[in-house]
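Just so you know, the sequence shown maps onto residues 1 to 386 in UniProt numbering.
For glycine and all other residues, C-beta sits at the position ideal for the given N, C-alpha and C.
Accompanying notes for the structure given below.
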Amino acid sequence: MAEKDEPADEILQGLFQCVICFDGVVEPKLCTACGTCFCRACVEKWLEQKSSCPLCRAPVVLQNLGSGRLIEEVTQKIKRLLSEPESRCTKHNLEISYYDETDCSFVCPECALLCPERRGHVFRKVGQLKAELRKEIQSTLEEIDFWIESWKSQLRGIRQKSDKVLINSLDGIEQTTEVIGSQISRDHEEYTTSLRTQDQDLNYLNAWATNSISMIKYDVESGVEVDLGSSEADIRENLAEILSKVKATAKANTETLATSFDTYQEGMFQSFVSKTFTMRLDSSSPDGMEKSILSEPLMVFGLEWRLRIRYYLSDDGSDSKLPFGVFLTLSESTVDLEEVQFEYSVELLGAPVHNFSFRNTARFRRGDSWGVDAARTVSMYSCDKL
């Protein structure tokens, strides 16, 4: 334990030391990955040459470093504590051992028993108060650990599932095109980058909560001469606020993780393998002997598909529509590809000719239409514009 006459600055230097200059931190900044603190000036100079944490080597940029405001507050509090006198009553020169719950102050036994202005006040032994606060601090820490771990567990699970989605997606396209494979990998990397951001947010929240609790714990254990830094009610309120923030943040982020993963999975290529989609057709009547009717566009992993039905009028001139040809058209593409092979099947529901369906495998380029004509002959035509 430090001697009373040991300079406060030397004690603080040992508690909060910059890992770059090895002096006490000035304007502290925190690495959100490992919680290490540095002087603002030191880390700015460091990041001019490197882009990683000096201690854990995690990638960092100055704008993403955590604020060291809490460390500054703790430093000021410790300086004040070190300058306080011994925990003895200045009036009776007795050790302070009772807590006055009525006016939230600490007193010696004679003050508690003999002072007329304290008549009717409620007192507790300091040891009893500290024991209760220690118990509440420990309970709060355990709840914080629970919510932090639930967030971590969700992150681990989502990361494992996203890796599996990537593997399934790449397996699903087999060797059809490297372009789609590259797009899948880029989308996966973008998603995992968002997960790494949550990792940093989680670590920063955990560091903030742990440091905040440590400061409260220090108040409780440091001595009664400074009123524990605040009243008992304030301490309990601060504990509740810290826990509430951790709980709310962890719950919100675990829910966001689940939603973002669903969106990510729905957008990946593997989600469209062996799936059925409904494409609604325009119900307008044919004009002339034949007409093409298009479905609404269906976007599947950057590929826009349309069903194209060509009709002709019956020989007696009636307007009953009979299919002349049914084609699947790759109308547009947001991914850069030359040609890609797909196996697909088409079934017309509610059409004049019932049970009209076919299965086909074809290699598509943008603008290509593959399908069957009235004689069920597989055919293809290419169009520049639908």
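Buried or exposed: which applies to SER139, given that a residue is buried once 16 or more other Cβ atoms fall within 10 Å of its Cβ?
Exposed.
GLN49: first and last residue of the uninterrupted beta strand (DSSP E) it sits in:
Bounds of any beta strand (DSSP E) do not take in GLN49; it lies within the alpha helix (DSSP H) bounded by 40 to 49.
Helix, strand or coil for THR176? Go by DSSP, reduced to three states.
Model confidence at THR176 stands at a pLDDT of 47, short of 50, so the residue's coordinates are unreliable; what they give is reported in the following sentence. THR176: coil per DSSP, three-state reduction.
Under a three-way DSSP split, which group does SER162 fall into?
If DSSP states are grouped into helix, strand and coil, SER162 belongs with the helices.
Measure from the alpha carbon of PHE123 to the alpha carbon of each residue in THR32, ARG88, LEU113, then state which is nearest.
Selected option, being the one with the closest Cα: LEU113.
Check the DSSP bridge columns for LEU307 and list the partner residues they point to.
Within the DSSP secondary-structure output, LEU307 pairs in a beta bridge with LEU328.
My output table needs one value for MET215: the three-state DSSP class, helix, strand or coil.
Judged by DSSP in its simplified three-state form, MET215 adopts helix.
Which residue or residues does DSSP assign as beta-bridge partners of PHE123?
DSSP lists ASP100 as partners of PHE123.
May I have the straight-line CA-CA distance separating ARG242 from LEU141, to the nearest angstrom?
The sequence given here places Ile at residue 242; Arg does not occur at that position. Going by C-alpha positions, ILE242 is about 10 Å away from LEU141.
Extent of the continuous beta strand (DSSP E) to which ALA112 belongs:
No beta strand (DSSP E) contains ALA112, which is instead part of the alpha helix (DSSP H) from 109 to 114.
According to DSSP, residues forming a beta bridge with ASP373:
ASP373 pairs with GLY325.
DSSP three-state label for ASP23, please.
Here ASP23 carries a coil assignment [DSSP, helix/strand/coil].
Under 8 Å: do the region 197 to 213 and the region 14 to 33 share three or more Cβ pairs, one atom per stretch?
Judged by Cβ distances under 8 Å, the region 197 to 213 makes contact with the region 14 to 33, as three or more pairs qualify.
Taking the straight line between their C-alpha atoms, what separation do you get for TYR344 and GLN265?
For TYR344 and GLN265, the distance between alpha carbons rounds to 21 Å.
Going by Cα to Cα distance, which pick from ARG306, LEU257, GLN341 is closest to SER331?
When each option's Cα is compared against that of SER331, the closest is ARG306.
Taking the beta carbon of CYS53 as the centre, do at least 16 other beta carbons fall within 10 Å, making it buried, or is it exposed?
Classification of CYS53: buried, given that the 10 Å Cβ count is 16 or more.
Roughly how many angstroms separate the alpha carbons of ASN360 and GLN341, rounded to a whole number?
ASN360 and GLN341 have their C-alpha atoms some 11 Å from each other.
What number of angstroms, rounded off, separates the C-alpha of ARG156 from the C-alpha of TYR191?
When rounded, the distance between both Cα atoms is 14 Å.
Are the beta-carbon atoms of TRP147 and ASN253 separated by less than 7 Å?
7 Å or more divides the Cβ of TRP147 from the Cβ of ASN253.
On the three-state DSSP scale, how would you describe GLY35?
The answer is coil: DSSP assigns GLY35 none of H, G, I, E or B.
Go ahead and pull the three-state DSSP assignment for THR210.
In the structure shown, THR210 sits in a helix (DSSP, three-state: H, G or I).
Closest residue to LEU294 among GLU304, PHE22, LEU303, ARG308 (Cα-Cα distance)
With distances taken between Cα atoms, LEU294 lies closest to ARG308.
By Cβ distance below 7 Å, which residues in the same chain neighbour GLN154 in space, the five residues on each side in sequence not counted?
If you ignore the 5 residues before and after GLN154, its C-beta comes within less than 7 Å of the C-beta of THR254, LEU257, all in its own chain and listed in chain order.
Thinking just about the alpha-carbon of each residue, which of GLN17, THR197, THR259 is nearest to the one in CYS37?
GLN17 is the residue among GLN17, THR197, THR259 whose C-alpha sits nearest the C-alpha of CYS37.
Indicate the three-state DSSP secondary structure (helix, strand or coil) for LEU81 in the structure shown.
For LEU81, the predicted model reports a pLDDT of 48, less than 50, meaning its position is unreliable; a value from the coordinates is still stated below. Three-state DSSP puts LEU81 in a helix.
For ARG118, which three-state DSSP category applies?
Note: ARG118 maps to helix in three-state DSSP.
Are the Cβ atoms of VAL346 and PHE358 separated by less than 7 Å?
Here VAL346 is near PHE358, since their CB atoms are less than 7 Å apart.
Along the chain, where does the beta strand (DSSP E) that runs through ASN64 open and close?
Careful: ASN64 lies outside any beta strand (DSSP E) and carries neither H nor E.
Looking only at its own chain, which residues have a Cβ that is under 7 Å from the Cβ of HIS188, when we skip the five neighbours before and after it?
Closer than 7 Å at the Cβ level, and outside the excluded window around HIS188, lie SER162, LEU166.
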